[in-house]
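For the record, the sequence lines run as chains A and B. Just so you know, the first sequence maps onto residues 73 to 852 in the numbering used here. Just so you know, the second sequence maps onto residues 135 to 234 in the numbering used here. Backbone N, C-alpha and C fix where the C-beta goes; we use that ideal spot for every residue, glycine too. Since the model is a prediction, treat every value here as computed from it, not as a measurement.
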Amino acid sequence: MLRYIIFAPLVGAAVNWLVGRQLLRRGRTNEALVGGIACAAVGVSTVVAFIAAFKAGGALHLGEAANTQPVFDHLWTWIQVGRFRADFGLAMDRLSGIYACFITFVGLLIHVFAIGYMHGDKSFYRFFAYLNLFMFMMLTLVLADNLLLMFVGWEGVGLCSYLLIGYYIDRKEAGDAAKKAFVANRVGDWGVVLGIMLVFALTGSISFFDKPAAATGGTAVASALNTIAALPVEAFSWHALFAGGVTSAALLLFIGATGKSAQIPLYVWLPDAMAGPTPVSALIHAATMVTAGVYMVVRCSAIYTHAPTVMFIVAIIGAATAIFAATIGLAQNDIKKVLAYSTVSQLGYMFLACGVGAFVAAIFHVMTHAFFKALLFLGSGSVIHGMHHEQDMRRMGGLRKYMPVTFLTMCAGWLAICGIVPFAGFFSKDEILWRAWSTTATAIPAGAGKALWFVGAVTALLTAVYMTRLIVMTFTGGERFREAHAGGQADDAHAQAYDKGHAPHDAQHTSTAVGHDDEAHGAAHAADDKDAHAHEAQHGPVEPHESPWVMTVPLAVLAVLSLVGGWVGIPYALSGGAVPNYFERTLEPAVAHAPERGGAAHEATGAGQPAEGAEAPQLLSREPQHVDGASPLSVGEGAAGEPAHERVPTAAELSQERLFTGISLLVAVLGISLGYLAFSKRPLRALPRLLEEKYRVDELYDAAIINPIKYVSREGLWKLFDVGVIDGLVNGLARATREVGDAVRRVQFGFVRSYAAIILLGALAVIGYFVYAAVPHLIH
Amino acid sequence: MIPLSWYLAVSAVLFTIGVAGVIIKRNAIAMFMCIELMLNAVNLSLVAFSSFFRDVSGQLFVFIVMTVAAAEAAVGLGIILAVFRNRESLDVDDASVLKM
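Below, the structure is given as structure tokens:
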């Protein structure tokens with residue numbers, strides 16, 4: 073059944089890719105058909121994914137028929153060489169079930185939105201073919217039952233990301249950004265490949281799960297993760313990173329995650345990736361693909377819990393990325409760039425959660441982030457659409473009046489990301505911060521958890537400030553788009569690039585704004601004579617307009633999800649047990665638990681050795697009690713589908729957790745008021761230049777890595793090796809041939825009679841040979 | 135009965151005259167005739183051997199040679215005519231421009 077989830081979008085992609093152009097050529101109304109095919113394909117995936125997850129015995133079913141075992145769908149054995157075995161097999165456990173559901177659902181909404189956003193684009197069908205292909209790859213990534221198939225999806229989403237960032241093929245910046253994303257991901261993928269090899273070398277398997285023989289139709293497959301879970305936890309030491317054990321494998325896999333999930337040092341591609349169409353930014357660069365790194369880390373939580381050194385590194389990188397990107401986001405003027413840096417920052421939160429052992433909180437934040445960040449991106453897309461492809465916030469302002477639906481929905485996303493109480497982001501972010509503060513994992517040295525919490529809290533403050541700035545600059549205040557060149561240093565080149573890339577697109581918008589000729593009649597010639605109008609509109613005052621319903625409906629749905637999405641994971645401290653923490657209860661059996669410092673976390677010793685090794689890792693005191701003690705993974709033998717019970721925490725713990733919830737709420741409110749005070753009167757307030765220039769990290773990379781590589785390539789590889797050695801060899805061979813030919817050609821006199829004479833001499837020589845040498849007895 | 139060696143001697147003399155003619159003469163027609171002379175010298179020896187060995191296949195082979203010679207005469211004269219039309223000359227040494 074799971075195969076339908078992944079193959080439906082593939083079919084959609086194939087149909088649109090092969091016949092989309094023909095369908096589209098029949099007139100503009102057929103955009104609905106092309107978009108409809110794409111949406112239907114994803115719709116099938118969505119329906120099947122939800123049925124597969126929530127039916128009795130499904131991965132996410134929580135009632136009587138709860139099932140902690142993954143559901144398998146074995147298609148075929150892909151590679152079988154000696155001991156190495158890779159299946160093309162799908163599996164849905166609780167983790168991939170959650171992922172599959174939100175990917176398909178958010179993906180579906182974004183597909184619908186894109187029909188409106190891409191209206192009038194000349195290669196409409198190509199866009200939807202890529203988007204569907206992306207869905208196929210992403211679902212393969214999360215539903216794969218082994219590391220290698222996951223890597224297929226991993227590379228596939230990288231490819232689709234490349235194709236979609238560079239979608240506007242006539243714009244150089246888009247092509248450059250696509251290449252940058254691809255190369256940065258390659259750097260990370262190097263780590264993933266080596267990590268997979270190392271996992272195989274250590275365990276003799278690359279499967280995530282124990283696949284029984286019944287599921288494969290052949291021999292049973294052992295789980296690499298369970299094998300690692302049975303190994304002793306490696307000691308916390310820097311040496312272990314290079315020892316070739318589980319710690320090295322975890323580090324290598326994490327290098328891949330930094331590439332895919334845009335963490336320091338490989339985050340640089342994500343902000344540039346905003347050159348793609350906005351629905352792509354929402355789907356790939358906010359909601360789904362960039363969380364693949366988090367998915368992999370949580371999926372391999374058994375590996376990470378056995379590598380405390382890497383856990384610590386993950387936490388540090390996550391926290392550093394979170395605050396680093398948040399400060400940059402503070403000073404950006406492009407509405408999508410702000411959201412891009414915000415995404416990098418939120419991904420940092422997720423890795424921070426993974427690092428402190430709160431894998432459930434990480435996935436919770438992945439899900440809520442998918443809702444509110446997709447909402448914010450789509451909202452910014454709606455703004456950009458309504459503003460005729462203006463992205464600079466300095467030329468916006470006062471849009472609330474013109475785009476009420478967009479404004480209201482964006483507000484939901486804004487409050488969610490800031491962490492205001494009933495919204496989704498509040499619960500997940502608060503959970504991460506609290507878990508960072510209260511962590512007792514051996515991986516985190518005593519006191520470091522507090523420092524991580526502080527960084528996280530400051531990031532939360534910054535997040536609230538820059539998001540408030542975004543809302544204030546865009547939706548309130550003076551209508552700066554009426555001024556010809558608002559914002560002082562408006563960069564015309566930027567606007568012109570958009571002009572060029574979107575000329576037909578803009579024309580179409582203008583005509584919709586003016587005459588509402590969505591009907592087929594008149595649209596074609598309207599596009600022509602409005603073209604000039606569109607260009608003039610770009611620089612003169614523009615009239616913003618609300619987006620059509622295909623765009624506002626997804627916004628509204630996502631806004632509702634941003635509001636209620638967090639209610640599935642209300643912590644005990646807030647609900648007092650009235651509402652169970654569904655999310656934690658669902659996911660808890662699917663992840664491994666980090667070993668802790670001695671028991672009740674009172675002995676803050678530096679020794680940090682796990683008590684019994686992995687055989688019985690001590691559960692975090694706040695964790696629900698684990699009944700199936702043998703293996704920390706759901707796929708262990710004893711996991712019999714019993715829902716874990718939440719343990720009632722002590723009163724002291726409760727009051728502390730409530731205190732911290734209050735603090736994070738306070739931080740969010742403080743951030744919002746700070747942002748409002750700072751930017752409501754002076755939305756164009758100058759910000760530190762260093763932040764606006766993104767700490768000049770791109771320039772640093774250029775100087776430290778790219779230019780040396782270029783120099784060596786040009787001077788060494790090209791001018792020395794290629795021109796000298798390779799070309800020299802080939803040209804030398806050619807010259808030698810010519811010299812020999814020159815020498816030999818003298819034989820050709822050009823006179824027929826001399827040739828005849830030579831033939832005669834030759835004949836005489838042959839005859840002479842036979843007479844005097846070969847038949848010597850004739851002479852005697 | 136004339137012995138075989140006499141035929142062969144005549145054949146060898148004719149062949150040598152033909153070879154010498156091809157090498158010495160510059161006129162294309164003359165060279166052509168000398169080639170015919172060589173062919174006929176060979177024909178003569180073939181017939182002589184055929185008679186000597188009482189084997190008719192030698193005479194059959196002569197017919198093949200004559201057929202080929204006729205075909206060669208047609209092609210060769212055609213080439214000579216084409217060269218003459220282009221160069222107003224039958225001197226083969228003039229037709230040496232293909233060499234570098």
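Asked: Are the beta-carbon atoms belonging to A:A425 and A:I504 less than 7 Å from one another?; Found: yes
Asked: If we require 3 or more residues per run, which beta strand (DSSP E) segments fall completely within the segment 201–232 of chain B?; Found: none
Asked: Does A:A569 have its Cβ less than 7 Å from a Cβ in chain B?; Found: In this prediction, A:A569 has a pLDDT of 40, which is less than 50 and means its spatial position is unreliable; nothing more can be read from the coordinates.
Asked: Counting Cβ pairs, one atom from each stretch, are 3 or more of them under 8 Å apart for the segment 165–185 of chain A and the segment 106–121 of chain A?; Found: yes
Asked: Provide the residue(s) that pair with A:Q152 in DSSP beta bridges, ordered along the chain.; Found: A:R157
Asked: Answer with buried or exposed for A:N204, where buried requires no fewer than 16 other C-beta atoms within 10 angstroms of its C-beta.; Found: buried
Asked: Let me see if you follow: with CB-CB separation under 7 Å, is B:D228 close to chain A or not?; Found: no
Asked: Could you work out which residue in A:D165, A:I375, A:E227 is closest to A:G267 when comparing CA atoms only?; Found: A:I375
Asked: Could you list which residues in chain A have their beta carbon closer than 8 Å to that of B:I157, in chain order?; Found: R825, A828, A829, L832
Asked: In terms of residue numbering, what span does the alpha helix (DSSP H) encompassing A:E306 cover?; Found: From DSSP, A:E306 is part of no alpha helix (DSSP H); its letter is neither H nor E.
Asked: Taking just the CA atoms, how far does A:R155 sit from A:W341?; Found: 38 Å
Asked: Strictly under 7 Å for the Cβ-Cβ distance: is B:V209 near chain A by that measure?; Found: no
Asked: Please give the ranges of any beta strand (DSSP E) in the segment 144–223 of chain A, keeping only runs that are unbroken, at least 3 residues long and fully inside the region.; Found: 156–164
Asked: Just the Cα atoms here: how many angstroms apart are B:P137 and B:A182?; Found: 10 Å
Asked: Select from the segment 810–822 of chain A all residues with a C-beta closer than 8 Å to any C-beta belonging to chain B, and list them in chain order.; Found: R817, Q820, F821, G822
Asked: Name, in chain order, the residues that DSSP records as bridge partners for A:E668.; Found: A:A513
Asked: In this structure, how does DSSP classify A:D242 when only helix, strand and coil are distinguished?; Found: coil
Asked: Nearest by alpha-carbon distance to A:F185: which of A:V640, A:F449, A:V318, A:I400 is it?; Found: A:F449
Asked: With a threshold of 7 Å between beta carbons, is B:V147 in contact with chain A?; Found: no
Asked: Tell me whether B:D189 sits in a helix, a strand or coil according to DSSP, three-state version.; Found: coil
Asked: Can you pull the chain A residues whose beta carbon is under 8 Å from the beta carbon of B:V181, in chain order?; Found: Neighbours of B:V181 on chain A: none; closest Cβ ~22 Å, over 8 Å.
Asked: Rounded to whole angstroms, what's the CA-CA distance from A:A302 to A:A315? Just pull it up for me.; Found: 19 Å
Asked: Using only alpha-carbon positions, find the residue among A:R669, A:R810, A:M475 that is nearest to A:T511.; Found: A:R669
Asked: Does any residue of chain A bring its CB to less than 7 Å from the CB of B:A217?; Found: Here the sequence assigns Val to residue 217 of chain B, which means Ala is not the residue at that position. No, no contact with chain A.
Asked: Listing by chain order, which chain A residues have their CB less than 7 Å from the CB of B:V235?; Found: Absent from the structure is residue 235 of chain B, since the part of chain B shown begins at 135 and ends at 234.
Asked: Straight-line CA distance for A:A256 to A:F443?; Found: 26 Å
Asked: Who are the near neighbours of A:T363 in its chain, counting only those whose CB is closer than 6 Å to its CB and skipping five residues on each side?; Found: V438
Asked: Going by alpha carbons, who is nearest to A:A334 out of A:L419, A:E811, A:L134?; Found: A:L419
Asked: Name the two residues that bound the continuous alpha helix (DSSP H) containing A:W621.; Found: 621–636
Asked: With DSSP run on the structure shown, which of helix, strand or coil describes B:K159?; Found: coil
Asked: Taking Cβ to Cβ, would you say A:L215 is nearer than 7 Å to A:L162?; Found: yes
Asked: In the DSSP assignment, find the alpha helix (DSSP H) that holds A:I395 and state where it starts and stops.; Found: 380–401
Asked: Among A:I151, A:E103, A:T149, A:M164, whose alpha-carbon lies nearest the alpha-carbon of A:G130?; Found: A:M164
Asked: Within 10 angstroms of its Cβ, does A:T234 collect 16 or more other Cβ (buried), or is it exposed?; Found: Checking the sequence, you will find Tyr at residue 234 of chain A rather than Thr. Result: buried.
Asked: Using only alpha-carbon positions, find the residue among A:E555, A:A434, A:W486 that is nearest to A:L534.; Found: A:W486
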